[in-house]
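See below for the structure under consideration.
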Amino acid sequence: MSAAAIEVGDLAKVFGGLAAVDGVSLVVPAGERRVLIGPNGAGKTTLFHCITGTLKPSRGSVRLFGRDVTRDPEQRRTALGMGRTFQITNVFPDLTLAENLALAIVGTDRRKWVMHRPADAFTEVRRQALEALEMVGLEGRADLPVKLVSYGERRQLELALALNTRPKVLFLDEPCAGLSPSERQRISRMIAALPRDITLVMIEHDMDVALGLADRVTVLHQGRVILEGAPEEVRANAEVRDVYFGHG
Amino acid sequence: MSGARLVFALFALGAALALPTAGGPFWTGLVTQMLIFGLLALSVDLLLGHAGLFSLTHASFFAVSAYTVAILQVRYAVPTALAAPAGIFAGTLLGLVFGLAVRTRGVYFILITIAFGYVVWGVAHRWSSFTGGDNGVTNVPFPSVGGVGITSHTQYYYLVLLVVIVCGLGYRILIRSPFGLGLRGIKASETRMRSLGFRTGLHLYAAFVLSAALASLAGVLYVYYNRFVNPVASAFPISVEAALMAIVGGSGTIIGPFLGAGVVLGLRNWVSSFIEMHHAIMGVVFIATVLWAPDGLVGLAGRLRSRLSKPAERKP
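Just so you know, the sequences run in chain order A and B.
Note that the working numbering has the first sequence beginning at 1, numbered continuously upward.
Note that the working numbering has the second sequence beginning at 1001, numbered continuously upward.
Spelled out as C-alpha cells, the structure:
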C-alpha cells in the first residue's frame, strides 16, 4: 500500500500561551475528499497554514506522500504538489485575470525566471490561462483587472489559481466564504467536478456543502480532533451537535 | 504600441535629437543630467514601483561605480573600455552584498538600506588616501574607446541618449517578462506568490541586483559627464532624490522617473537661479504629488486625458 497523501503527526501551534492547534494527527489517503469542520476558533485555518507551510508548527510533522515536508518552505511544498486557496481572497487586484493565472502556471516551473521575453509572448501559457478561466466559468473576463470583477468571480479565480499549480493535494479554505446561495452552489459544483485523482482537504462551514462533498469528515474543536468518520456518522453524533450546532 | 504612442515616441525622439542645436548648451546639459538621474531613478523604481521595496541606498551603487571608473581612469590610466565595465561590475558586486536586505520588509528594509548607504558615504568621505576625501577624484577624461572618443558635451549627450533608449527598451521587456510579472505579484501578495511556488526571497534578491547594476550604469554615465566624483554622489540625499524622482514622475512606469528627474533637476538648476530655497519648493512639490497626484505626472496626464475624452471613447 502506498503512503497517504497527507499524514499529519501530533501537530501543534502555540500562539503565546494559546494552543490554536493542540496535537492533531490526521491521515488522508490519496484520492480522498476530506472536509474539516468545527466552530470558529477550532484551529482549522491554523492547521491548514501549518500543513501548507504558511506557518511553522510548534511541534509535530507533516508528510506529503510519505515525504517529510515539515521543514520545507511553502513554495517547495507547492512544487511537490500541494495547492491551496485562502479563506480571505488572496489574488492580485491590479493584474488581469489572465495575468493572475499566468503566475500560477509559471510559478511551479523554470519559466518564472525568464527575463528576456514578454510574458504575453508565451502563447501556451495564455492558452492554458484561458482554458483555466473557462473551467471556473470566467470566460470573457481574461483581460479585465481583478479589481473590476465581482467578489464571487474573485472566489472563482482563487480556486483557478490553486488548480493551476498542478496540485496532487488541494487545500480549500472555505471556498464559499461570503458567497450568496446560488454562488455557493456554483462553486461546490465546480469542486465536485474536480478529477478524483486530486486529493481534497477542505474547510467548510456550510454543513450541507460539506457533507455533500466529503468522503470523510474530521471535526475539530479547541485545537483537537474530536471525531472522524463518514458524513452520516458525523451528522448523527451527539457530541458534534453540541459543539457545532449548539445545545438544543 | 498604439499609433498615438508611436507618434509621441517619434516626436520625443525628434525633439531629443534636435535639442543641442535648438536649445544650446544649458538645456543640453540639463537634459543630459535628467537622463542620467532618470536612469538612476528608473533603477530605484524597479524595486519601488514593481516589487514594492523602498530602497534608500541606490546612491551607493551609483557612487561606487563612479569612483571605480574615476580611480581607474585617472590614477591608473585604464582605458574606458575596461574602466566603464569595471564600474558596473563593482556597483553590481556591492548590490550582491546589499541585496541581503531583501530578507527584511517594509520599514526594516528602508532602515537597513539607509544604514548601508551611510557606510558607503562614510568610506568615501573618510578613506581619503583612496577616495580623495571631500575633494574626491577629479580630472576624469571623456570616454574614448579604441581611438574614437567623445570630445564635447554635445557628443556625450547623444551617447547618453543612446544608452538610455537601449536601457528603456530592455527595461520594458524585463518588466513585461514572467520575472517582471512575478515582481508585481510579490508586491500585491507575497503569501499568495509563495503558495503558487515562487521563491519570493530569491526573486526579490535578483531584482535588487539587477537594479543595482542599472544604478551602476547610471554612475558610469554620471562620472564621465561630471568629470569628477566626490562623496556627495554617495550621500543619502541622492538616494532620496532618486526615489522622489520616480514618485513625482510616476512610479511603475518607464517615462515617469525621467520626467520626475526633469522636475527635480529643473527646479534645482533653473528655479534656484532666481528663487532661494529650492529645497523648500521641492518639498512642496513632493507634498502636492502625494496629495493630488499619487500616481505622479504620468498618472495625472492619464486622468486628464480620460476626463477630456468622451466616455464613449474610453477603453472598457
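Glycine is no exception: its CB is placed at the ideal position from the N, C-alpha and C atoms.
Listed by position along chain B, the residues whose Cβ is nearer than 7 Å to that of Asn90(A) are Ser1189, Thr1191 and Arg1192.
DSSP lists Thr96(A) as the beta-bridge partner residues of Pro145(A).
Taking a 10 Å sphere around the C-beta of Gly1256(B), we find 16 or more other C-beta atoms and assign the residue as buried.
If you check each beta-carbon in the region 145-177 of chain A against every beta-carbon of chain B, the ones closer than 7 Å belong to Leu161 and Thr165.
Chain-order list of chain A residues neighbouring Arg1005(B): empty, with the shortest C-beta distance near 16 Å, by a criterion of under 8 Å.
Under a criterion of Cβ atoms nearer than 7 Å, the residues of chain B adjacent to Gln75(A) are, in order, Arg1194, Gly1197, Phe1198 and Arg1199.
The straight-line gap separating the alpha-carbon atoms of Pro175(A) and Leu130(A) is approximately 21 Å. According to the DSSP assignment, Ala1004(B) belongs to the alpha helix (DSSP H) that extends over Gly1003 to Asp1045. Leu1196(B) sits in coil when the DSSP states are folded into three classes, being neither helix nor strand.
Among the CB atoms of chain B, none fall inside 9 Å of the CB of Thr46(A). Interface with chain A (9 Å Cβ-Cβ cutoff): Pro1294(B) is excluded.
Bridge partners of Thr199(A) according to DSSP: Val169(A).
In this chain, the alpha helix (DSSP H) harbouring Asp208(A) covers Met207 to Leu213. Taking 7 Å as the cut-off between beta carbons, the residues of the region 96-114 of chain A near chain B are Glu99, Ala102, Leu103, Ala104, Val106, Gly107, Thr108, Arg111, Lys112, Trp113 and Val114, in sequence order. Of all residues in the region 1158-1185 of chain B, those with a C-beta nearer than 8 Å to a C-beta of chain A are Ile1173, Leu1174, Arg1176, Ser1177, Pro1178, Phe1179, Gly1180, Leu1181, Gly1182, Arg1184 and Gly1185, reading in chain order. Listed along the chain, the chain B residues whose CB falls inside 7 Å of the CB of His116(A) are Ile1173 and Ser1177. No residue range can be given for Gly17(A), since it is assigned to no beta strand (DSSP E) and is classified by DSSP as neither H nor E.
Thr96(A) is positioned such that its CB atom lies no closer than 9 Å to that of Val136(A).
Given a length threshold of 4 residues, each whole run of the alpha helix (DSSP H) inside the region 1140-1223 of chain B is given here in chain order: 1153-1176, 1178-1188 and 1190-1195. When DSSP states are grouped into helix, strand and coil, Glu124(A) belongs to the helix group.
With a beta-carbon spacing of about 7 Å, Val24(A) and Arg224(A) fall inside the 8 Å limit used to define contacts. For the beta strand (DSSP E) assignment, the region 1060-1104 of chain B encloses no uninterrupted run of at least 3 residues. Here DSSP, grouped into helix, strand and coil, assigns Val1123(B) to helix. When only Cα atoms are considered, Ser1211(B) and Tyr1205(B) end up about 10 Å apart.
In this structure, Ile226(A) and Val234(A) do not form a Cβ contact; the two beta carbons are roughly 10 Å apart against a cut-off of 8 Å.
Spatial neighbours of Ile1112(B) in its own chain (CB-CB distance under 8 Å, excluding positions within 5 residues in sequence) are listed in chain order as Ala1101 and Thr1104. Exposed is the label assigned to Glu239(A), since fewer than 16 other Cβ atoms lie within 10 Å of its Cβ. For Leu1210(B), the nearest beta carbon of chain A is closer than 9 Å to its own beta carbon. In the same chain as Glu1276(B), and ignoring 5 residues on each side of it, no C-beta atom comes closer than 6 Å to its own.
Around Leu1297(B), the same chain offers Gly1249, Gly1250 and Leu1259 as residues with beta carbons nearer than 6 Å, after the five sequence neighbours per side are excluded. In the structure shown, Glu228(A) adopts extended strand secondary structure according to DSSP, grouped into three states. Close CB contacts of Phe1089(B) within its chain, under the 6 Å cut and outside five residues either way in sequence, are absent. Considering only Ala1280(B), Ser1152(B) and Ala1235(B), the residue with the shortest C-alpha distance to Arg1126(B) is Ala1235(B).
With contacts defined as CB atoms closer than 9 Å, Ile203(A) and Phe48(A) qualify as a contacting pair.
Apart from the 5 residues on each side of it in sequence, Met1282(B) sits with its Cβ closer than 7 Å to the Cβ of Val1264 and Leu1267 in its chain, given in chain order. The Cβ-Cβ distance between Phe1109(B) and Phe1054(B) falls below 9 Å.
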